[in-house]
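Here is the structure we will look at, set down as structure tokens.
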Amino acid sequence: MARGRFCGWLLVGLLSLQVLNFVTPPSVRREVQVGRAAEGNAFGGLNQEQRKQMADILAPPDQLMEETEDGMILREKYSGGRSPTSVFWAIVQPAISLGFLVVGMSAYFGEPIVDWTPVTSQFLGFLRPSEGINFLPQGAFMSFYGFFGFFLFGPIQWYINVFNIGRGVCEFNKFDEMMYIVRNDEMIREVPFKDFQAVKFEWTNLAILGARDVYLITQDGKEIHFMDDPEIYSKFVLEKRAAKLSEFLDIELIVDDA
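Going letter by letter, the sequence shown gives residues -22 to -1, 1 to 236 in mature numbering (1 follows the signal peptide of the UniProt record, and there is no 0).
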């Protein structure tokens, strides 16, 4: 009985809300929405210090571009291909590939090749193939994957991690009013500030095909994308990056927020 009474009152409340929305003039509803948006933009009535703390939480300093103390240089650093994850896979992937290759070749020869020497027989005995593995198709597939994984992709992974391929910096320098992009200790681009027309901030809410980036537009309409992985940053961080760069270069900021 109590549950039925509660459902009845809930239905009456929903119907009343729909009637109220229907009879309320659109202008009044817009005023209410504008007022709520203004309250949200004010961080809920926080003071200046609290707003700064909130901004630092939403956009940590380590996610923003690095600026020198004199405010004359702005840098976007490129960390390169070396990371804990890439180092982990550079070790694990070749090891797994070698295991696949050993098992596949054992199936080809019809005997465990780890038993060819006492050392490998003692320490790599777990790579002896089971009796149910034949060279076709299992052994051939494992040999194919193991060969390319160990002899091709493994060296590429180690090369990227040892030399940290991709490391560098994009520097905006007010002293000579130039933008420099350096990768792997080589200068790959130099652009004077006078060639820049605007900073563009793009953000779409599509999870897969959405465009999320901050880049420069030159006087002749070309785009200069200088960020490595803009997709990893939040919308608030990209907004702050775009606003800071626009202010630093003293050019227009274009916002494409779809």
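C-beta atoms are modelled at their ideal positions from N, C-alpha and C, and glycine is treated no differently. Keep in mind the model is a prediction, meaning the values are calculated, not measured.
Residue burial classification, residue i (beta-carbon count within 10 angstroms, cutoff 16)
i	result
K172	exposed
I111	exposed
F78	buried
M120	buried
R167	exposed
L184	exposed
A33	exposed
W94	exposed
M157	buried
Alpha-carbon spacing of residue i relative to residue j, whole angstroms
i	j	result
residue 238	A236	Look at the range of the chain in this structure, -22 to 236, and you will see that residue 238 is not part of it.
A15	S212	Confidence at A15 is low in this model, with a pLDDT of 38, below 50, so the placement of that residue should be treated as unreliable; the coordinate-derived value is given next. Approximately 20 angstroms, taken between the alpha carbons.
I91	P107	10 angstroms
I35	Q71	37 angstroms
E27	R53	26 angstroms
K152	S64	36 angstroms
E230	L24	30 angstroms
S99	G127	23 angstroms
Beta bridge counterpart(s) of residue i as assigned by DSSP
i	result
V40	Strictly speaking, residue 40 in this sequence is Asp, with Val absent from that position. Note: D40 sits in no beta bridge, so no partner.
I190	Just to set this straight, residue 190 is Arg in the shown sequence, not Ile. According to DSSP, which records beta bridges pairwise, R190 is partnered with W181.
F174	T196
L231	V177
8 angstroms contact criterion, which residue i and residue j should meet: CB distance rounded
i	j	result
A73	Q135	With 8 angstroms as the limit, A73 and Q135 do not qualify as a contact, their Cβ atoms being about 11 angstroms apart.
R145	S57	7 angstroms
P219	M43	Here residue 219 turns out to be Arg, not Pro, going by the sequence shown. Yes, R219 and M43 are in contact; Cβ-Cβ is about 6 angstroms, under 8 angstroms.
V80	L114	With 8 angstroms as the limit, V80 and L114 do not qualify as a contact, their Cβ atoms being about 18 angstroms apart.
Residue i beta carbon near the ligand NAP (any heavy atom closer than 7 angstroms)
i	result
M165	This structure lacks the ligand NAP; in fact it carries no ligand of any kind.
Of all the alpha helix (DSSP H) runs that stay within the bounds of the stretch 98 to 166, which reach a length of 4 or more residues? 118 to 126, 132 to 141
Runs of beta strand (DSSP E) lying entirely within the stretch 48 to 84, each at least 3 residues, in chain order: 51 to 56
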